[in-house]
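Position 170 of the sequence shown, counted from 1, bears residue number 440 in my numbering, the numbering being contiguous throughout.
Virtual Cβ for every residue (Gly too), placed ideally from N, Cα, C.
None of these values were measured; they are calculated from a predicted model.
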Amino acid sequence: MEPPSLRINTLKTSRSRFGGKLTAWQITASPHPFHPDGLILADDPLPLSHTLAFFRGEFFYQGISSQLPVIALDPQPGETILDMCAAPGSKSTQIAAAMANQGRLWINDASTKRLQALMANLTAAGVMNDIVTALPGQLIGRLLPEQFDRILVDAPCSALSNWPKRIKEAHWSPAYLNKISYLQEQLLISAIKAARVGGIIVYSTCSICPEEDEMVLERILARYPVEMEPLPFSPAPFVRPGLSGYAGHSFARQIECAGRVHPYPLPYEGFFVARLRKTGPLPIRPVTTPLQYQPTLAADAPEIAAILSHLHDHWGIDPAVLQNYRFIVNKNRIWMMDSAWEQTPDRTFMMAGLPLALRKSHAWRLLNQSVQFLDAQVSKRHLELSDQDLLALFEHGHIPAPHGPLSYHALTLGGRPIAALAQADGCFSIHLPHHFHIRPETLAAERGL
Ligand SMILES: C[S@@+](CC[C@H](N)C(=O)[O-])C[C@H]1O[C@@H](n2cnc3c(N)ncnc32)[C@H](O)[C@@H]1O
271 MEPPSLRINT LKTSRSRFGG KLTAWQITAS PHPFHPDGLI LADDPLPLSH TLAFFRGEFF
331 YQGISSQLPV IALDPQPGET ILDMCAAPGS KSTQIAAAMA NQGRLWINDA STKRLQALMA
391 NLTAAGVMND IVTALPGQLI GRLLPEQFDR ILVDAPCSAL SNWPKRIKEA HWSPAYLNKI
451 SYLQEQLLIS AIKAARVGGI IVYSTCSICP EEDEMVLERI LARYPVEMEP LPFSPAPFVR
511 PGLSGYAGHS FARQIECAGR VHPYPLPYEG FFVARLRKTG PLPIRPVTTP LQYQPTLAAD
571 APEIAAILSH LHDHWGIDPA VLQNYRFIVN KNRIWMMDSA WEQTPDRTFM MAGLPLALRK
631 SHAWRLLNQS VQFLDAQVSK RHLELSDQDL LALFEHGHIP APHGPLSYHA LTLGGRPIAA
691 LAQADGCFSI HLPHHFHIRP ETLAAERGL
C-alpha cells in the first residue's frame with residue numbers, strides 16, 4: 271500500500287505553519303524526494319481530512335508519483351499554461367501554486383461531470399489565475415494554436431499501474447488499449463499545436479503499459495517538431511528511464527529521457543512522465559468557428575466599483591487591495607481573477623478565477639473561500655466562537671444565535687477569518703463540504719498557528 275501523502279498548498283499556508291500543526295498533532299512525515307511542498311506521512315491517524323486545515327484548503331492529498339508531472343512541467347509565475355485533461359484537479363492546483371497564482375492557467379477537461387469536483391477543488395485551493403473550459407482536448411490545438419508556454423497532458427489512460435487488479439477489470443482488452451492510445455496520441459498532437467515554438471509539453475499517464483507510453487511517444491517524435499528533454503528528477507531510485515525497447519522493437523534513444531515509476535519494489539502508484547520541447551512550427555488547419563471572447567472588467571468599471579465599495583462598507587475590504595484584479599459579474603455572483611485575464615472565452619466556458627461574493631437581497635455575501643483568500647483584509651463583522659460552539663457549528667452546519675435581521679459575518683479563529691456565516695431565524699449557519707467534521711483535539715493547534 272502506498273503511504274498517505276499530501277502536498278501543502280502554498281496559496282493558503284506556508285510549509286513552516288503547516289509543519290507546526292503536524293508536529294502539534296504528533297504526525298510524522300518525511301519530505302517528498304523531489305517536491306519541497308510534498309510530504310509522505312508515516313500514518314494518518316486523525317485523519318487530516320477532519321481538520322480545519324483541510325477545510326481551509328491548506329493541503330491536498332496527492333500521491334507521490336502524481337506530483338511528478340508538474341515538477342517536470344516546471345510552471346513559472348506569469349506564464350500562459352494549459353492543463354488539458356485536468357479533472358479532478360490535483361495537478362491544476364499544483365500548477366497554480368507553482369505559478370504563485372500569477373499569469374494565465376487554462377484548465378480544461380472534456381467531462382462536465384468531473385469538472386464539478388475540479389471547480390470545487392480549485393476554489394478550495396484559492397486558485398484565481400485560471401479559467402475552466404469543457405472542450406474536447408483534441409480540438410484545442412486548432413482553437414488556440416501556438417499560445418501556451420507550457421502544457422500538461424495528463425492523459426486519460428487504462429490506469430494499468432496495478433497489473434493484477436486492473437487487468438481483471440471488465441473494460442480492459444487489447445481493443446480498449448488501441449482506442450485509448452489513439453486518444454492519447456490525438457491529445458498530444460493537439461498539445462503540440464497549442465504550444466508556442468520553444469514551449470514545453472509534459473505527457474503523463476498512470477499506466478506503465480508501453481502501448482500508452484513509449485509507443486505513443488515514438489509515433490509523435492517521428493512526425494512532429496518536438497524533442498525529448500531530461501526530467502529534473504531522473505535518474506532516481508524509484509524513477510526508471512523510459513524503455514529502450516519492447517516486444518523485440520527498439521525505441522528511439524531519446525525516449526529513455528522519460529521516467530517510469532513502477533509499483534514495485536516501492537509501493538508507489540505506477541506512472542509515466544515525459545517532457546518534450548516544441549522545436550518548430552507545424553501546419554495547423556484553422557477551425558471554422560473560432561472561440562469568441564468577452565472582456566473581463568477592471569476594478570474601476572462602474573458596476574465593479576459599486577460592488578467593491580459595498581465590500582468595503584460591509585466587510586472592511588480596502589478597494590485598493592482588489593485594484594489589480596479583473597472581474598466577471600452576473601446576476602448573482604462576482605468572480606475575481608489575475609489581471610492577465612483581460613478576456614475570457616464565452617463558449618464551453620465554466621468558471622474564471624475565484625468566486626468572490628454572492629448577491630443577496632441587501633448585501634454581497636462573501637464565500638468561505640473568498641474570506642480565506644482575503645484573510646486579514648476582511649476586517650469587519652468578525653465573529654469568534656468558543657471551541658464548543660465552533661465544533662457544534664461544524665458538526666451540524668448551524669447553531670443557535672440571537673434573533674435579529676438577516677446578517678453576515680466572517681467567522682474567525684484566533685482572530686483570523688476562516689469562513690462566511692449567515693445569521694438568520696435565530697441561527698448562525700455555514701456552508702460545509704459533505705461529511706466534514708473537525709476532530710476536537712486538533713483545534714488548539716489551529717488557533718495557535
Ligand atoms: C488521468 S485523468 C486527469 C487527472 C488530473 N490531471 C488530476 O491530476 O487530477 C484524465 C482526464 O482526462 C479527461 N478526458 C478524457 N477524454 C478527454 C478529452 N478528449 N479531452 C480532454 N479531457 C479528456 C477525463 O475526463 C479525465 O478527467
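Pick out whichever of L561, N602, P565, P556 has its Cα sitting closest to the Cα of I577. Nearest neighbour of I577 by Cα position, chosen from L561, N602, P565, P556, turns out to be N602.
Can you give me the Cβ contacts of V648 inside the same chain, cut-off strictly under 8 Å, excluding the 5 residues immediately before and after it? Result list for V648: W585, G586, I587, L636, V641, A680, P687, in chain order.
For the segment 284-325, list the beta strand (DSSP E) runs that are entirely contained and at least 3 residues long, ordered along the chain. Fully enclosed beta strand (DSSP E) runs of 3 or longer: 299-301, 308-311.
Given this structure, state the Cα-to-Cα distance separating I410 from I459, to the nearest angstrom. Approximately 10 Å, taken between the alpha carbons.
So W585 is in the alpha helix (DSSP H); what residue range does that whole segment cover? From DSSP, the alpha helix (DSSP H) with W585 extends over 572-585.
Examine ligand 1 and report whether any of its heavy atoms sits within less than 8 Å of the Cβ of M354. Distances between the C-beta of M354 and the heavy atoms of ligand 1 include at least one below 8 Å.
Starting from the Cα of H666, find the closest Cα among T682, N600, H705, L653 and give me that residue. Closest option to H666, Cα to Cα, is H705.
So, with DSSP's three-state summary, where would you put T280? In this structure, T280 counts as coil in the three-state DSSP scheme.
Just reading off the beta strand (DSSP E) that K737 is part of, what are its end residues? No statement about residue 737 is possible, as the shown extent of the chain runs from 271 to 719 and does not include it.
When the Cα atoms are used, what is the spatial distance from T403 to V397? Each residue's alpha carbon lies about 15 Å from the other.
From L567 to N371, what does the alpha carbon distance come to, in whole angstroms? Those two C-alpha atoms are separated by around 19 Å.
Run of the alpha helix (DSSP H) containing P556, from where it starts to where it stops: Boundaries cannot be given for P556, as no alpha helix (DSSP H) includes it and DSSP labels it neither H nor E.
Length at least 3, wholly inside the segment 338-363: the beta strand (DSSP E) runs in chain order: Fully enclosed beta strand (DSSP E) runs of 3 or longer: 350-353.
Near ligand 1: C697 beta-carbon under 8 Å from a heavy atom: No; taking the cut-off as 8 Å, the Cβ of C697 has no heavy atom of ligand 1 nearer than that.
Work out the CA separation of R384 and A323 for me, nearest whole Å. Rounded to the nearest angstrom, the gap between the Cα atoms of A323 and R384 is 24 Å.
Any heavy atom of ligand 1 closer than 8 Å to the beta-carbon of C476? Checking every heavy atom of ligand 1 against the Cβ of C476, one is found closer than 8 Å.
Could you check where the beta strand (DSSP E) with Y331 kicks off and where it finishes? Segment 329-331, the beta strand (DSSP E) holding Y331.
Less than 8 Å between the CB of L653 and some heavy atom of ligand 1, yes or no? No, since every heavy atom of ligand 1 falls outside the 8 Å radius drawn around the Cβ of L653.
Who pairs with I708 in a beta bridge, going by DSSP? For I708, which the question treats as bridged, DSSP gives no partner whatsoever.
Given I604 as reference, the closest of F619, A299, R596, P625 once Cα atoms are compared: For the residues F619, A299, R596, P625, the minimum Cα distance to I604 belongs to P625.
Endpoints, the beta strand (DSSP E) within which L681 is located: From DSSP, the beta strand (DSSP E) with L681 extends over 677-683.
Is it the case that the CB of E414 approaches a heavy atom of ligand 1 more closely than 8 Å? Per the sequence shown, residue 414 should be read as Leu rather than Glu. Shortest gap from the CB of L414 to any heavy atom of ligand 1: 8 Å or more.
If you drop the 5 nearest sequence neighbours on each side, which residues of the same chain put their C-beta closer than 6 Å to that of E484? So the qualifying residues of the chain are G512, L513, F521, I525.
Measuring from the CB of D645, is there a heavy atom of ligand 1 at a distance below 8 Å? Between ligand 1 and D645, a heavy atom-to-CB distance of less than 8 Å is absent.
Buried or exposed: which applies to R555, given that a residue is buried once 16 or more other Cβ atoms fall within 10 Å of its Cβ? Looking at its Cβ environment, which holds fewer than 16 other Cβ atoms inside 10 Å, R555 is exposed.
Quick one: is P560 near chain B, going by C-beta distance under 9 Å? Of the chains in the structure shown, none is chain B; there is only one protein chain.
For R326, which residues of its own chain have a beta-carbon under 7 Å away from its beta-carbon, when the five flanking residues on both sides are left out? For R326, where only same-chain residues beyond five positions count, the Cβ hits under 7 Å are K282, Q642, I688.
Rank I462, L592, C427, A465 by C-alpha distance to the C-alpha of K449 and give the top, closest one. Closest option to K449, Cα to Cα, is C427.
Return the chain-ordered list of same chain residues with a C-beta closer than 8 Å to the C-beta of A312, the five sequence neighbours on each side being excluded. In chain order, P273, I297, T298, A299, S300 place their CB closer than 8 Å to the CB of A312, counting only its own chain and leaving out the 5 sequence neighbours on each side.
Between which residues of its own chain and E349 is the CB-CB distance below 8 Å, once the five residues before and five after are set aside? Within the same chain, E349 has close Cβ partners M369, G373, R374, D419, R420.
Would you call the segment 342-360 in contact with the segment 378-393, where contact means no fewer than 3 C-beta pairs closer than 8 Å? The segment 342-360 vs the segment 378-393: in contact.
So F643 is in the beta strand (DSSP E); what residue range does that whole segment cover? Here F643 belongs to no beta strand (DSSP E); instead the alpha helix (DSSP H) covers 638-644.
Provide the residue span of the beta strand (DSSP E) that contains Y473, from first to last. Looking at the DSSP string, the run of the beta strand (DSSP E) that includes Y473 is 465-475.
Where does the unbroken beta strand (DSSP E) through A692 begin, and where does it stop? The continuous beta strand (DSSP E) containing A692 extends over residues 686-694.
Pull the bridge partners of G529 from the DSSP assignment, please. In the DSSP output, where bridge partners are listed per residue, G529 has P511, V543.
Residues that DSSP places opposite E497 in a beta bridge: Bridge partners of E497 according to DSSP: R547.
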